[in-house]
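Start counting the sequence shown at 0; every next residue gets the next number (numbering that gives the first Met the number 0). Backbone N, C-alpha and C define an ideal beta-carbon position, used for all residues, glycine too. Fair warning: this is a prediction, and the values are worked out from it, not measured in the lab. Below is one structure, written out as structure tokens, with a few remarks after it.
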Amino acid sequence: MNETVDLLFVYGTLKDKRAHPLARYLWRHATYLGRATFQGRLYRPAHYPAVVASADPADKVTGAVFYLRSRAILKKLDDYEGCGSRDVAPYLFRRQIVTVTDARGHLRQAWIYLYNRHPHPNPLPSRERK
0 MNETVDLLFV
10 YGTLKDKRAH
20 PLARYLWRHA
30 TYLGRATFQG
40 RLYRPAHYPA
50 VVASADPADK
60 VTGAVFYLRS
70 RAILKKLDDY
80 EGCGSRDVAP
90 YLFRRQIVTV
100 TDARGHLRQA
110 WIYLYNRHPH
120 PNPLPSRERK
């Protein structure tokens, strides 16, 4: 883990603590800091959401930012997202440091799991990006 980045931006099943057991783990072991946005596009290539970065400032994905109290959280999430130490490349998702905008408009550096494939040509409508 990059020692200077201790935030995580989540946008899918991990955002809602009722949606998945690993989301409940995240909510118990990290500190929820609030809503934030990422300049990207949200897709649903299968039964899961996937985000890719976008060059268009109008493309915004709403998610949640967490303070990671332990490095072990990222290891567990890497395994869940299919980019852990036991997974075989090329990974479906990759963990990367990006800039997100918090609810107060401040820019923050945070980890995110980005989709590591070519997305479907049509992103979800903006009302579904939240």
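Through-space distance from residue j to residue i, alpha-carbon basis
i    : j    : result
D77  : A57  : 29 Å
K59  : V50  : 10 Å
R23  : G33  : 16 Å
R27  : L7   : 14 Å
Y31  : L67  : 9 Å
V64  : D101 : 8 Å
D5   : P118 : 28 Å
Y112 : T36  : 14 Å
K129 : G39  : With a pLDDT of only 46 at K129, under the threshold of 50, the placement of this residue in the model should not be trusted; the figure read from the coordinates follows. Using only the alpha carbons, I get a separation of about 12 Å.
R85  : I96  : 21 Å
Y47  : R116 : 13 Å
V87  : A18  : 27 Å
is_contact[residue i, chain D] using C-beta, thresh 9 Å
i   : result
R27 : In the structure shown, chain D does not exist; there is a single protein chain.
Contacts around residue i, its chain only, beta-carbon distance under 8 Å, and the 5 residues preceding and following it disregarded
i    : result
Y114 : Y42, P44, A49, V50, V51, L91 and F92
R126 : Here R126 scores only 46 on pLDDT, less than 50, and its place in the model should not be relied on; the value that follows carries that caveat. So no residue of the chain qualifies.
L21  : T12, L13, K75, L76 and Y79
Where residue i sits in the DSSP three-state scheme
i    : result
A22  : helix
R27  : helix
V97  : strand
V9   : strand
R34  : strand
R116 : coil
L106 : strand
Other residues of its chain near residue i: CB distance less than 7 Å, five sequence neighbours each side excluded
i   : result
E82 : Sequence check: residue 82 is Cys here, not Glu. Within the same chain, C82 has close Cβ partners Y90, F92, R93 and R94.
Contact set for residue i: own chain, Cβ-Cβ below 6 Å, skip 5 residues either direction
i   : result
Y10 : V50, V60 and G62
K16 : A22, R23 and W26
Return the chain-ordered ranges of every alpha helix (DSSP H) run that is complete within the segment 37-88 and spans a minimum of 4 residues.
70-80
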